[in-house]
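Trainee: Just so we're on the same page, our numbering is the position in the sequence shown counted from 1, plus 56.
We put the beta carbon where it would ideally sit given N, CA and C, even for glycine.
Treat the numbers as computed from the prediction; the structure is a model and nothing was measured.
The structure that follows is given in the form of structure tokens.
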Amino acid sequence: MIQLNNYINGRQVPPKCNAYLDNVEPATGQVYSRIPDSDQEDVAMAYEAAKAAFPAWSKTPLEERYRILIRISELIEHHLDELAQTESRDNGKPVWLARKVDIPRASSNFRFYATGLMHFSSESHEMPGEAINYTLRQPIGVVGCISPWNLPLYLFSWKIAPALAAGNTVVAKPSEITPYTAWRLGEICMEAGLPPGVLNIVHGTGPRVGEAIVTHPGIKAISFTGGTATGARIAATAAPMFKKLSLELGGKNPTLIFADADFDDVLRTTVQSGFANQGEICLCGSRILIEEPIYEKFRDAYVEKISRLKVGDPNDPETRVGAIVSEAHKDKILSYIALAQEEGGRILCGGKAVKLEGRCANGWFIQPTVIEGLDQGCRTNQEEIFGPVVTIQPFSTEEEALNMANGVRYGLATTVWTSDLKRAHRVAHALESGIVWVNCWLLRDLRTPFGGMKDSGVGREGGWEAMRFFTEPKNVCIKV
Ligand code: NAD
């Protein structure tokens, strides 16, 4: 049994209360490690370490900061196989996926912001003959980063890298459901020579550790990715404390398929966009809207492809749909499938839990599920399920498609399939969505703003947006 610890002030330390939580492997249902059940005392200790490290880190020459972050990036790359294996074990995703996407992206996040800090600049505004204004962008101090379980190291590092690059020190909390690679990140930071206290990682639950970070008066900014309900609670707590907030929340993303789209391309990519990572990506398209002339053709070809996706052991390279992250989440997804049927939906494929044999006999697996016949307003089409479940609906006009796409409380990501360039621009413009992909999905340039509108969040990550979030602008006006 592996016992993880907190990473505070450059060392792995046990939680003060000495209590631990079980960490379960979703593919087997077995406890395989234990993580600190930390509380506010550990957060306070992490804060003190971060506060003490701040003056030196914020004054560290840019090149030195760059070198350390690049070293972290290289070490993640160096440990690719091991990190991919552990990410898969913790989350249930196929090992090949963690190897191809999660871990390389975590490494890229550090590389991207290491180079970014060397180029980050601020503005100046001249008032001819009167004054010159220049804007300082100063690090905030100690900041908090809280992340979810679906893309563990990928999203954890997406916050930590820009926070450190901008000169802040950090108290961070990974999801208690997938703590392992965050623990390894602490070790990697030690190896990379990150000074003690610059990054502190506290493990534990949201109500104990997450809340302690959000309510700590010394932690001046919170970057959070997770569910909309949690985001609302964090906002309610942090707003009266006047903390800076970046909230990346849930989604109910539409995929709009017009009849003039490249059919094979649509089919291939929509398999990915619906079911990659068991549908547990905030950017997955869970509502597929299809123009009537090709509705039946698409439906039949799609269902045929989805029913052939292999649900299996995450260690098997042939597996396309791995384990669901937890038993509670598996039950939630199954309850939505039952609800869809009550609401009049027809299950075209999937719909059931899968019982595997051997090593994974007690794991949590669900068949990839496609449902038709539901109307726009039903709960299945309005609420985030966050699993291998998609609904398909026909539309007859562009206007109807837009009304359906925008007719939810969320506004995170949308994919539009069309070969009509004018339509692509028109539809992209009208969508209430922080991210629009046209004829592609999950094509990411780290320089672009990332995040959602409406109940999908507040603020944007990515590129300079994150560097601006993690700095405080100060205008200096000098009379000439
Ligand atoms: P969650 O909100 O339950 O938990 C996210 C993190 O917040 C965890 O570390 C958790 O321990 C912590 N937390 C829980 N309660 C807290 C509290 N009261 N105060 C502070 N922290 C608290 O979300 P989850 O189930 O881990 O992740 C799934 C959700 O994340 C989905 O809704 C998904 O759409 C969303 N998500 C969004 C994005 C995005 O970029 N918009 C990316 C990935 C996931």
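(1) Using only CA atoms, which one of 101, 535, 405 lies nearest to residue 198?
(2) Would DSSP call residue 46 helix, strand or coil?
(3) Leaving out five residues on either side along the sequence, give the residues of the same chain with a beta carbon under 8 Å from the beta carbon of residue 244.
(4) Could you name each continuous beta strand (DSSP E) segment of 3 residues or more that falls completely within the region 258-318, going from the start of the chain to the end?
(5) Starting from residue 485, trace the alpha helix (DSSP H) in both directions and tell me its first and last residue.
(6) Confirm, please, whether the CB-CB distance from residue 468 to residue 508 is below 7 Å.
(7) Assess, as a yes-or-no matter, whether the region 418-427 is touched by the region 116-126 under the definition of 3 or more beta carbon pairs within less than 8 Å.
(8) In this structure, does DSSP put residue 59 in helix, strand or coil?
(9) Do you know whose CA, among 200, 307, 534, lies nearest residue 254's CA?
(10) What are the uninterrupted segments assigned as alpha helix (DSSP H) that are 4 or more residues long and contained completely in the region 216-263, given in chain order?
(11) Specify, as a first and last residue, the run of the beta strand (DSSP E) that residue 435 falls within.
(12) What ranges does the alpha helix (DSSP H) occupy inside the region 381-420, keeping only unbroken runs of at least 4 residues that lie completely in it?
(13) Beta-carbon within less than 8 Å of residue 542's beta-carbon, same chain only, minus the 5 sequence neighbours each way: which residues are those?
(14) Given that a residue counts as buried once 16 or more other Cβ atoms are within 10 Å of its Cβ, and exposed if not, what is residue 338?
(15) Can you tell me whether residue 308 is buried or exposed, with buried defined as 16 or more other CB within 10 angstroms of its CB?
(16) Determine whether the beta carbon atoms of residue 325 and residue 497 lie at a separation below 7 Å.
(17) Quick one: complete alpha helix (DSSP H) runs, 4+ long, within the region 424-473?
(18) Quick check on residue 176: does DSSP put it in helix, strand or coil?
(19) Return yes when the Cβ of residue 165 is within less than 7 Å of the Cβ of residue 228, no when it is not.
(20) Report the residue from 193, 118, 126, 141 whose alpha carbon sits nearest the alpha carbon of residue 163.
(21) Spell out a yes or no on whether the region 316-336 and the region 465-481 are touching, meaning 3 or more CB-CB pairs, one atom from each, closer than 8 Å.
(22) Apart from the five residues on each side of it in sequence, which residues of its chain come closer than 6 Å, Cβ to Cβ, to residue 354?
(23) Does the ligand NAD have even one heavy atom less than 6 Å from the beta-carbon of residue 289?
Mentor: Walking through what the data contain:
(1) Your numbering for residue 198 matches position 142 in the sequence shown. Residue 198 has its Cα closest to that of 101, out of 101, 535, 405.
(2) Residue numbering for the chain in the displayed model covers 57 to 536; residue 46 lies beyond these limits and cannot be assessed.
(3) For the purposes of this step, residue 244 is taken as the residue at position 188 of the sequence shown. Once the five neighbours on either side are set aside, the close Cβ partners of residue 244 are 128, 131, 132, 135.
(4) 277-281, 300-304, 309-313
(5) By one-based count along the sequence shown, residue 485 stands at place 429. Run containing residue 485: 477-486, per the alpha helix (DSSP H) assignment.
(6) The residue given as residue 508 occupies position 452 in the sequence shown. The residue given as residue 468 occupies position 412 in the sequence shown. Taking 7 Å as the Cβ cut-off, residue 508 and residue 468 qualify as a contacting pair.
(7) no
(8) Walking along the sequence shown from the start, residue 59 turns up at place 3. Residue 59 falls in the strand class under three-state DSSP.
(9) Your numbering for residue 254 matches position 198 in the sequence shown. Closest by alpha carbon: 200.
(10) 236-248
(11) In the sequence shown, residue 435 corresponds to position 379, counting from 1. Counting along the chain, residue 435 falls outside any beta strand (DSSP E), though it belongs to the alpha helix (DSSP H) covering 435-438.
(12) 383-398
(13) Because the chain in this structure spans residues 57 to 536, residue 542 falls outside the shown range and cannot be described.
(14) The residue given as residue 338 occupies position 282 in the sequence shown. By the neighbour-count rule (16 or more Cβ atoms within 10 Å), residue 338 is buried.
(15) Residue numbering aside, residue 308 sits at position 252 when the sequence shown is read from its first letter. Residue 308 should be labelled buried.
(16) Position 269 of the sequence shown, counting from 1, holds the residue named residue 325. Position 441 of the sequence shown, counting from 1, holds the residue named residue 497. In this structure, residue 497 lies closer than 7 Å to residue 325 by Cβ.
(17) 435-438, 454-462
(18) By one-based count along the sequence shown, residue 176 stands at place 120. Residue state, collapsed to three classes: coil.
(19) Translated into positions along the sequence shown, residue 228 becomes position 172. Translated into positions along the sequence shown, residue 165 becomes position 109. It is not a contact, given that the beta carbons lie outside the stated cut-off.
(20) Start at 1 with the first residue of the sequence shown, and residue 163 comes out as number 107. It is 126 whose Cα lies nearest to the Cα of residue 163.
(21) yes
(22) Within the sequence shown, the letter at position 298 stands for residue 354. So the list reads 346, once near-sequence residues are dropped.
(23) Indexing the sequence shown from 1 puts residue 289 at position 233. For the ligand NAD, at least one heavy atom lies less than 6 Å from the Cβ of residue 289.
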